[in-house]
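Written out below as structure tokens is the structure these notes cover.
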Amino acid sequence: MSALDADVLEKYREAGEILTTVMAETRELVEPGATHLEVAEYAEERIREEGAGIAFPVNVSVDEEASHATPGREDATEFGEDVVCLDVGVHVDGYIADAATTVDLAGEAELVEAAEEALAAAVDAAGPGVPVGEIGAEVEEVIDAYGYTPVYNLSGHGVDRFDAHTGPNVPNRGVDRSVELEPGQVVAIEPFATDGRGKVGEGNEEEIFELTNDRSVRNRAARRTLEEIREFHGLPFAARWLESSRSEMALRRLKANGVVKGYPVLKEEDGRLVSQAEHTLVVTEDGVEVTTEGLFA
């Protein structure tokens, strides 16, 4: 790959700046008594106010939840003494920033610190020609030193225009024989730390979906809902974003017909706590540029 064009790089930077601003504001809302839905909708509305697009529904993952947790339309769940991971995606003209931070309401500061320090070590290790397995080894070493376990079946990933998850995968543990980072790639590195065994599995809840096979459908309600879904440019969306009156039924039909797929909430299989920290990086000719710099300031 070659270095990014200047205008493309600037859009990645703008997305990162907006995300950093919105995340700082959103973190302040995470407190006992506030609802998951209030926090998610606040962040999403602020992204729109900044003139950017939402790259995926705001994830509000609590305690054993690691990913794909976004509140439903009627969700009234309140925060308590929780470990809360916020994962936010912003795009400018399709160019994405993806970042996550953990808010500690449960007295688990070291668990949060483990993920943040692992991310810092991973960023320091990243650069052109660096095997992603070496980055994973840095993550694993830091989290192990804190006495926790990296979530090994979740990984960082590349991002591209209107594509929130592409190659290369960036593991959260050391891996032999891995691909090397190349100039022009944009990657999201996201360590997860847990006091469990380090494996997530799918839960029953499913509020995030993605268009995977855009084709004609016969059902009128499904057609109307599909028209709404096309407005998301192939990026993941939340069921609560759909406005048509029969969208819940239509979404089930579209999923059954293979037009959309769902993303079940991913949970630590032992039911143990999970923390997360994430930055987006542009790989340059001589290093990396963190587009979400300042997230943990």
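Using the UniProt record's numbering, the letters of the sequence shown map in sequence onto residues 1 to 297. No residue lacks a Cβ here, since even glycine has one placed at the ideal position from N, Cα and C.
Assignment of beta-bridge partners to THR166 by DSSP yields GLY158. Counted as a single uninterrupted DSSP element, the beta strand (DSSP E) harbouring LYS267 occupies residues 260-268. Under the DSSP definition of a beta bridge, PRO131 partners with GLU180. The Cβ-Cβ distance between LEU251 and ALA239 falls below 8 Å. SER67 carries a strand assignment under DSSP once its states are collapsed to helix, strand and coil.
If you check the CB distance, VAL30 and VAL22 do not come in under 8 Å. Going by DSSP, HIS36 is part of the alpha helix (DSSP H) stretching over 36-49. Every alpha helix (DSSP H) of 4 residues or more that sits fully in the region 192-245 is shown, in chain order, as 220-230. Excluding sequence positions up to five before and after GLY174, its CB lies within less than 7 Å of the CB of GLY133, GLY136, ALA137 and GLU140, all in the same chain and listed in chain order. Of all alpha-carbon atoms in GLU41, PRO128, ASP87 and ARG197, the one lying nearest the alpha-carbon of GLU190 is that of ASP87. Within its own chain, the residues whose Cβ lies closer than 6 Å to the Cβ of THR149, once the five positions on either side in sequence are excluded, are THR194 and GLY198, listed in chain order. A direct Cα-Cα distance of roughly 18 Å separates THR20 from GLU117. Taken in chain order, the complete alpha helix (DSSP H) segments of 4 or more residues contained in the region 52-125 are 109-125. In this structure, the beta-carbon distance from PHE232 to PRO57 does not fall below 8 Å. Counted as a single uninterrupted DSSP element, the stretch harbouring LEU29 is not any beta strand (DSSP E), since DSSP gives it neither H nor E.
Under the 8 Å Cβ criterion, the region 162-181 does not count as touching the region 71-88, having fewer than three qualifying pairs. For the options GLU44, GLU49, GLY127 and ASP5, the alpha carbon positioned closest to that of GLU285 is the one of GLY127.
Excluding residues up to 5 positions away in sequence, LYS199 and GLY201 lie with their Cβ nearer than 6 Å to the Cβ of GLU269 in the same chain. Ranking ALA43, ASP93, GLY53 and TYR263 by CA distance to the CA of ALA100 puts ALA43 first. Here ALA69 is near ASN59, since their CB atoms are less than 8 Å apart.
Here the alpha carbons of ILE143 and ARG177 stand approximately 22 Å from one another. Taking 8 Å as the cut-off, the Cβ atoms of GLU74 and LYS267 do not count as close. CA-CA distance, GLU14 to ALA6, rounds to 12 Å.
Between ASP98 and the set VAL187, GLU25 and ARG230, the nearest pair of CA atoms involves VAL187. Looking at the backbone, the Cα of LEU254 and that of PHE79 are separated by about 33 Å. Non-local beta-carbon contacts of GLY234 in its own chain, meaning distances under 8 Å to residues more than five positions away in sequence, involve PHE162, ASP163, GLU210 and LEU211 in chain order. Within 10 angstroms of the beta-carbon of GLU243 lie fewer than 16 other beta-carbons, which makes it exposed. ALA3 carries a coil assignment under DSSP once its states are collapsed to helix, strand and coil. Rounded to whole angstroms, the gap between the alpha carbons of TYR146 and GLY287 is 28 Å.
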